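Here the structure is laid out as structure tokens; the discussion comes afterwards.
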Amino acid sequence: MKRTALKRSAPLLALALVAALASAPRASAAPGVKFGLTDDAWLLNGQGSLGSRLDKLDALGVRVVRFTLRWDQIARTRPSVPTDPTDSAYDWSETEPVLEGLHEHGIDVVLQLLGTPSWANGGRPSNRAPTSGRTFAAFASAAAHEYPWVRRWLIWNEPNQVRWLRPASAATYATKLLNPAYIAIHEAIRGAQVAGGGTAPRGSTGGVSPIAWLSAMHAAHARLDAYAHNPYPLDPKRESPLEGGCGHCTTITMATLGRLTALVGRDFPRARIWLTEYGYQTNPPDRLLGVSRTLQARYIGEGAFAAYRAPKVDLLIQFLYRDEPSLARFQSGLVSLSNAPKPAYAAFRLPLAQISRSTLWGQLRAPGAGSIARIERRVGSQWRTLATVHASAGGYFRVNRTLARGTQVRVRAGTLVGATITIS
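When the letters of the sequence shown are read in order and numbered with the numbering used here, they come out as residues 31 to 454.
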């Protein structure tokens, strides 16, 4: 589905420079957000070997990958012993190398379970809920025994939209999918975290808004350790990760993330928050919904800061490493269809955000970045050091300085150079 997916201020050069450690999180900020990526098609069939693709994730500083197990593809026929992953009906051969490779590389996994086989829902399409929650619980149990090292699990994708779940009912979702899987996974893996929701930022035609969905899940006694949400912008030409969100709409985007934290706190006070899919498409190639590649890179940093400062947020996952081939799909990748890096590639390794009139925030995320970096300012054709930063244990830093509008800045850490952002 093409998501109808939905900038800032400062005066003159001045005054003193304070390059501070970034560890100063606000009172309720999440203590250790993990930044990751999801791109099943690229991981399974991208350019080069699987090992080379995993090395690319390492070099980017990806700490977590969301990956999908399709129930309808792994169990095309009904298993005789459905809780046993070695049952002959199960075929894990396509997903096994990717998941084992991620495990060997030390990259955490959010394993998403999705898609009902026709034998489990009366011969209907894969977006139709199973007739009985017991069949899905058995598959979840088999998957948990197949991958006992996976600690984070996500049940379904955007169930508040009929494209992904029919009926788009929180009660159906809780009773037929989430709660059965929650029990089965926790029985199989001590210390597992199971996330529910995975909601789209809006319900779309025939669907349910994420706000109404949260309330309905609470009423249905949903069981979860984390609430997952995909906070895409509604209008990417007007909405940044930090500004421009619709305050009166029944939608939840990154710019209105405070609404999500408040609702989850009300309905599921013990639950964490996972932002499991997010990104901005670029123009080129998408002239309708894409922002400039420079703006996409800027939004990488702003989105990271939005997640970092939000209470209870543990994960932010970038949607796509590589643009998808069809314009009808997504062009939010860090590289183009031809595998050429966009500015967002550099921004993901070394995110930088202007968070106020006089403050820059960033992270030394890539493993080669170390803990000391320079913030550089463009002066004519030269780049000059504005500040030296010493990052916190999580790689975070802040720089306080008032710069003129239009000033270009970037991060340099060793041989790595981040994307250029322009002070606005």
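Even glycine gets a Cβ: it sits at the ideal position worked out from N, Cα and C.
Since we're looking at a predicted model, the values are computed, not measured.
Note the first and the last residue of the continuous alpha helix (DSSP H) segment covering residue i.
| i | result |
| --- | --- |
| Ser-171 | 163-176 |
| Phe-349 | Run containing Phe-349: none in the alpha helix (DSSP H); it sits in the beta strand (DSSP E), 343-349. |
| Thr-291 | 287-297 |
| Ala-89 | 80-90 |
With a threshold of 16 other CB atoms inside 10 Å of the CB of residue i, please say whether the residue is buried or exposed.
| i | result |
| --- | --- |
| Ser-53 | Residue confidence for Ser-53 is low, a pLDDT of 34 falling below 50, so the modelled location carries little weight; the figure read from the coordinates is stated next. Ser-53 is exposed by the Cβ-count criterion. |
| Pro-315 | exposed |
| Leu-367 | exposed |
| Ser-39 | Low local confidence applies: a pLDDT of 32 at Ser-39 is under 50, so the model's placement there is unreliable, with the coordinate-based value given in what follows. Exposed, since its Cβ has fewer than 16 Cβ neighbours within 10 Å. |
| Arg-56 | Bear in mind that the predicted position of Arg-56 carries a pLDDT of just 36, short of 50, making it unreliable; the figure below should be weighed with that in mind. Answer is exposed; the Cβ neighbour count stays below 16. |
| Leu-264 | buried |
| Gly-153 | exposed |
| Ile-282 | buried |
| Ser-454 | exposed |
| Gln-77 | exposed |
| Asp-14 | The displayed coordinates of the chain run from 31 to 454. Any statement about residue 14 would go beyond what the structure contains. |
| Leu-364 | buried |
| Ala-455 | An answer regarding residue 455 cannot be provided, because it is not within the stretch 31 to 454 covered by the chain. |
| Arg-296 | exposed |
| Arg-328 | buried |
| Glu-307 | buried |
| Ala-443 | buried |
| Asn-260 | buried |
| Gly-91 | buried |
| Gly-474 | There is no way to answer for residue 474, as the model of the chain reaches only from 31 to 454. |
| Val-111 | exposed |
| Phe-166 | buried |
| Ser-386 | exposed |
| Gly-233 | buried |
| Thr-450 | buried |
| Glu-124 | exposed |
| Pro-231 | buried |
| Arg-352 | buried |
| Val-409 | exposed |
| Asp-121 | exposed |
| Arg-300 | exposed |
With DSSP as the reference, please indicate the residues paired to residue i in a beta bridge.
| i | result |
| --- | --- |
| Thr-98 | Gln-142 |
| Trp-149 | Answer is none; Trp-149 lacks a bridge partner. |
| Tyr-257 | Gly-226 and Ile-303 |
| Gln-438 | Thr-452 |
| Ala-443 | Leu-446 |
| Thr-312 | Val-321 |
| Arg-158 | Arg-196 |
Starting from residue i, follow the beta strand (DSSP E) in both directions and report where the run begins and ends.
| i | result |
| --- | --- |
| Gly-331 | Run containing Gly-331: none in the beta strand (DSSP E); it sits in the alpha helix (DSSP H), 323-339. |
| Gly-66 | 64-68 |
| Leu-416 | 412-420 |
| Arg-428 | 426-430 |
For the ligand FAD, is there a heavy atom less than 6 angstroms away from the beta-carbon of residue i?
| i | result |
| --- | --- |
| Gln-326 | By its list of ligands, the structure shown contains no ligand whatsoever, and the ligand FAD lies outside what it can speak to. |
Can you give the beta carbon distance from residue i to residue j, rounded, assuming they're within the 8 angstroms contact cut?
| i | j | result |
| --- | --- | --- |
| Gly-163 | Thr-205 | 6 angstroms |
| Pro-178 | Gly-228 | Contact doesn't hold; Cβ gap of about 22 angstroms is too wide. |
| Val-429 | Ile-405 | 5 angstroms |
| Ala-222 | Arg-181 | 6 angstroms |
| Ala-200 | Val-238 | 7 angstroms |
| Phe-360 | Leu-350 | 6 angstroms |
| Lys-372 | Gln-311 | Lys-372 to Gln-311, Cβ: 11 angstroms. No contact. |
| Gly-226 | Leu-254 | 4 angstroms |
| Leu-20 | Val-63 | Since the first residue of the chain shown is 31 and the last is 454, residue 20 is not available in this structure. |
| Leu-208 | Val-140 | Actually they do not touch by this definition, with Cβ atoms about 15 angstroms apart. |
| Phe-169 | Trp-101 | 5 angstroms |
| Glu-332 | Ser-270 | 6 angstroms |
| Ala-173 | Leu-132 | Contact flag wrong, Cβ pair sits at about 15 angstroms. |
Q: Pick out the complete beta strand (DSSP E) segments inside the stretch 181-244, 3 residues or longer, and give them in chain order.
A: 182-185 and 223-229
Q: Go through the stretch 101-143 residue by residue and report every complete run of the alpha helix (DSSP H) that reaches 4 residues or more, in order.
A: 101-104 and 126-134
(Q) So within the stretch 344-410, which uninterrupted alpha helix (DSSP H) runs reach at least 4 residues, ignoring any that extend past its ends? (A) 373-379
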